[in-house]
Structures are given as C-alpha cells and as structure tokens.
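Take a look at the structure set out below.
Protein chains: 2
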Amino acid sequence: MSSHDSVQEQAHAPRRSKITPERAQEFYTAVLDLLRESGYESLTMEGVASRTRCGKSTLYRQWGSKPELVVAALHSTRRMLLSHIDTGSLAGDLREAAQAIGAGSGRDTPLMHALSHAALQSPELLCALREALILPELAALDAMVRRAMERGEIPRDNPAAEFVSAQLLGVMRARPLLEAKIADAAYLTRFVESAIFPALGLDPADTGS
Amino acid sequence: MSSHDSVQEQAHAPRRSKITPERAQEFYTAVLDLLRESGYESLTMEGVASRTRCGKSTLYRQWGSKPELVVAALHSTRRMLLSHIDTGSLAGDLREAAQAIGAGSGRDTPLMHALSHAALQSPELLCALREALILPELAALDAMVRRAMERGEIPRDNPAAEFVSAQLLGVMRARPLLEAKIADAAYLTRFVESAIFPALGLDPADTGS
DNA sequence: GCGTTTCGGTACACTGACGTATCGGAAGAC
DNA sequence: GTCTTCCGATACGTCAGTGTACCGAAACGC
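Sequences listed follow chains C and L, in order. Taking the working numbering, the leading residue of the first sequence gets 371, the next gets one more, and so forth. Taking the working numbering, the leading residue of the second sequence gets 371, the next gets one more, and so forth.
Written out as structure tokens, the structure reads:
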C-alpha cells in the first residue's frame, strides 16, 4: 500500500528501517501542521526536521525531496468527512455535510488555502491534493445527490444538482476573503438551507427525521 | 491620487523623477503578470527588474520593498468589472455579471489564486487585495440585489440574497480544483441560471429585455 | 555480546533572493 | 552648452533553504 518500500512494517522480514509506520505518521502530521501554519512555499525541510526532532538526513533518505514528502503526507490523510453520511433524505444529508465540513474546517480549509496555488503549478501536487481532500468529499456529495434522485426527491435533470459540491467547496474558500472569517458549521448550515435547498427545490422543513 | 509622492505628474513643478505615470504602470502590469504566472512567493524583484528592463535600484528607490511594490501594483488596478451593469432586472444583471466575470477570469482568477494565501498571512496585502479585486465587485453585486429588492423582484428578507457574491466568488475559485478548468463565461452563466436564479426565486425566463 | 544498520545531529557547499552601494550615462533644467 | 539629477546596470554582502557528507550512538539480528 505504501508508495515507499523503505518504510516497511515491523514484520520478521528485512526490517532495515527504524522508522515505524507510527513514526512516519508523526512526520506526516508535522508536515501538514506546518503547511497549515505557513503554506507550501514556507515549509522547509529544516522546519520539519526540528519539529519532529530528527535530522534532515532522515527526511532526505526516506522521501528524497520536499515535494515528495508533501505528496506522501497528503496521501496519508485521505479524509472521509462525508462518506459515512446517509440520513435517508437529501436535506438531512446536506445538513449533516454542512456540520461535518464546518467541524473539520479548522483542519481542511487552511490546508486547501496553503496548497491550492502550489497545486495549480505542480501536477503531482494537484493530483495528491485532489485524491486526499477533494475527490473523497466530492464523491460523497455526488452520492447524496444520486440517492436523492433514485428516491425521487429531486428530478434526475435538476440543473442545480451539478453545482452542489462546487458551491460547498466554493463558499468554504470564499468566506475568509469576503468576511475574514472561517466558514464554520453555522454559516455553512445557513448557506445550505438558504441557497442550496431552494435551488434544488427541496422543502426546508424536510429534515429527514 | 497616487499613494507615492515620488511618482509625480509631468506638471511644470518640481518634476524630479523620470518615472512617468505611464512608466509606473508598466511596472505594475509586469508585477501583476508575474504574480499570475508564478505566484506571490515566486515573484522576485530581479524578475520585475529584468522584465521591465530596469535596475533593482529603481524598484527599491521607488517602492522600498517587494510587499510595498505588490500593494502599489494592486492599488493601480481597481477593476470595476461589474459596477457599470444595470439592465433593469436582477436576472439580466446576474447574466451580465457572469459574462463579465467569465471574460475577465483569465486575468482575475489567477491573481486571486496567486494572492489568496499570501493575503491571509499579511494584513497589508489582504487589505490591498480586498480593495482592488474583491470589494468593488462585491459592492456591485450587492447593489444589484438591493435594486432588485427596491423593485420588488425579490423579497427584502430573501435568505439566499446574502450568498450571491460568495457563491460567484466561490465557484470561480472552486472549479479549477474540481475540474481543472477555469470558470469561463459559459460555466458561470449556467451556474447563475441553474443555481442562483432558483435559489432567489427568480423566473429564469425573465431576462430583463 | 557483537556486528551491522540506520537514526539524529552537524558541518558543508551551492544556489537564489534580498537589499545596498557604486558608477556611467542619458534626460531634463537653466 | 553646462550642470544637476536620476535612471539602468552591476557588483557586493547577507541570509535562508536545499541537498550531501560525515560521524557518534542507539537499536536490532543473530
């Protein structure tokens, strides 16, 4: 599963590295934290080394370079904030999604901001960012909409359905610039109920409960 | 008007600088182009100097440092893409806005991407970015909504009205990450008609013509 | 226990960018 | 036409980050 053979499990076999998977995860979380704090350009190998109390040599031995380390760190996070949601109604699903995104926005929004520009310049990084943070949530949202269509809650050709995920991701990234505030659960819930429900033709009173 | 007295008009008065306002504008457009191409962190004074065929000394004499140069460049652009729009109906205004944003997205979207993270770390830069690119368009969109309320097209307490600008700015920034494509006029028009119109309760056939 | 391996830490060369200083030369003032 | 001023260019010192090389020491295999 790991893309680096040098990070190996503690089996009886070769066992040539003392970097256990747990230790590797420490590196990854340090990388992600530093990304959130200062952004991709300001992330330094020295910074990662000092925060994880290891030598730069270890980082270069295991990952080779800064872009590879960041990609590996992203691959280790595969957040599935929304994939478990299935309340039985689209309105309920979207409310839950707003709550979940809002709750996790302290982690994911800064990461997005930190990486979005760098990702648009490096295909490797864009791919890793999409796989780690974007596609899983996108798939979950699309699944909500698809289930709603199958249940007949919304018509299959509802033109607003295409834009549900773009809007959620969008306002999440727009609010910090517009109002200098993170898009929290309350804001996202209000947005979902005020803008997405009517666009989809959903009855706001239908909570799925 | 200019925030830098050292860049003076060609009046008969002191005239101590050979940097005419036109020359200053050349510097600013070079800065903005480089920002779009490579982002804020990768923007270098040497890069600006070589592109404008001037010495670094000139840049430091006039603007002092890279952040100040970027802020000055932003102040020089005050785009008013949407402020002139007034078709007489909200639907028409929003269609026009989608067209205008789509037409200018080749210029403004990359700038946004390049500056959004840097802006969230530097209050000066955030302020300049908001004044140059965000607030003018935000004001124009709010004015459209306000006019529609005064005309009675939408109720004054329409809950979706609050999110119009956030939605437009949002999808503009979300699409490159979701679909690896710039949000062009066609996409934005489809979005406005499919998502924003129904959310506001507008009749899509009402074009204001 | 002993040898091997790899980690953590430091020192090092190299690069790139910032910001300063200096200088020749051209444009403008008079 | 001369003199002053400021531009464009370059060289320089400084600093920060990359990636490499090396070394002592701790952990693991046997």
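By construction, the Cβ of each residue, glycine as well, lies at the ideal position given by its N, Cα and C atoms.
- Going by C-alpha positions, A569 of chain C is about 30 angstroms away from R449 of chain L.
- Considering only C:G425, C:P493, C:M514, C:P546, the residue with the shortest C-alpha distance to L547 of chain L is C:P493.
- It is roughly 8 angstroms from the alpha-carbon of L558 of chain L to the alpha-carbon of L538 of chain L.
- Sequence-distant partners of A443 of chain L (beyond 5 residues in either direction) whose C-beta falls short of 7 angstroms from its own C-beta, in its chain, are Y398, V401, L402.
- For I389 of chain L, the closest C-alpha among the options L:L413, L:L405, L:G425, L:S412 is that of L:G425.
- Per DSSP, the continuous alpha helix (DSSP H) segment holding G417 of chain C begins and ends at 415 to 422.
- Q537 of chain L has a beta carbon lying within less than 7 angstroms of a beta carbon in chain C.
- Annotation: Cβ neighbours of E411 of chain L in chain C (cutoff 7 angstroms, chain order): E411.
- Look at S435 of chain L: its C-beta is not under 7 angstroms from any C-beta on chain C.
- Two segments are said to touch when three or more pairs of C-beta atoms, one from each, lie closer than 8 angstroms; by this definition the region 429 to 446 of chain C does not touch the region 516 to 529 of chain C.
- Boundaries of the alpha helix (DSSP H) harbouring D512 of chain C: 505 to 521, taken from the DSSP string.
- The three-state reading of DSSP puts G434 of chain L in coil, since its state is none of H, G, I, E or B.
- Within chain L, no C-beta atom comes nearer than 8 angstroms to that of V562 of chain C; the closest sits roughly 10 angstroms away.
- Taking the beta carbon of S453 of chain L as reference, no residue of chain C falls within 8 angstroms; the closest one sits roughly 17 angstroms away.
- For D527 of chain C, the number of other beta carbons within 10 angstroms of its own is below 16, and it is reported as exposed.
- For S564 of chain L, there is no enclosing alpha helix (DSSP H), as DSSP gives it neither H nor E.
- Judged by beta-carbon spacing, R406 of chain L lies within the 7 angstroms limit of A484 of chain L, meaning their Cβ atoms are closer than that value.
- Excluding sequence positions up to five before and after A468 of chain L, its CB lies within less than 6 angstroms of the CB of L558, T559, V562, all in the same chain and listed in chain order.
- Take G417 of chain L, set aside five residues on each side of it, and the residues of its chain with a beta-carbon closer than 6 angstroms to its own are L404, in chain order.
- Inside the region 434 to 482 of chain C, DSSP marks whole alpha helix (DSSP H) runs of 4 or more residues at positions 436 to 445, from first to last along the chain.
- No Cβ-Cβ contact shorter than 7 angstroms links A502 of chain C with L496 of chain C.
- Looking at C:T422, C:A536, C:R393, the one whose alpha-carbon comes closest to that of E549 of chain L is C:A536.
- According to the DSSP assignment, E532 of chain L belongs to no alpha helix (DSSP H), since it is labelled neither H nor E.
- Comparing C-alpha distances from D456 of chain C to each of C:A394, C:S475, C:I566, C:R517 shows the shortest one belongs to C:R517.
- Using a Cβ-Cβ cut-off of 7 angstroms, A442 of chain L does not count as an interface residue toward chain C, since no Cβ of chain C sits closer than that to its own.
- Among the residues of the region 509 to 536 of chain L, those with a Cβ less than 9 angstroms away from any Cβ of chain C are N528, P529, A530, A531, E532, F533, V534, S535, A536, in the order of the chain.
- M415 of chain C and A555 of chain C have their C-alpha atoms spaced approximately 34 angstroms apart.
- Within 7 angstroms of the CB of R545 of chain C, the CB atoms of chain L belong to A536, in sequence order along the chain.
- Residues of chain L whose Cβ lies closer than 9 angstroms to the Cβ of G571 of chain C are, in chain order, P568.
- Put simply, the CB of L495 of chain L is far from chain C, with every gap to its CB atoms at 7 angstroms or more.
- Contact of G540 of chain C with chain L is assigned, a C-beta pair being separated by under 7 angstroms.
- Proximity of A565 of chain C to chain L, defined by a Cβ-Cβ separation below 7 angstroms, is satisfied.
- Inclusion of H454 of chain L and G409 of chain C in the CB contact set at 7 angstroms is not warranted, their separation being larger than that value.
- Taking the Cα positions, R393 of chain C is about 18 angstroms away from K436 of chain C.
- With 16 or more other Cβ atoms inside 10 Å of its own Cβ, Q432 of chain C counts as buried.
- Linking E411 of chain C to V440 of chain L through their CA atoms gives a straight-line distance of about 18 angstroms.
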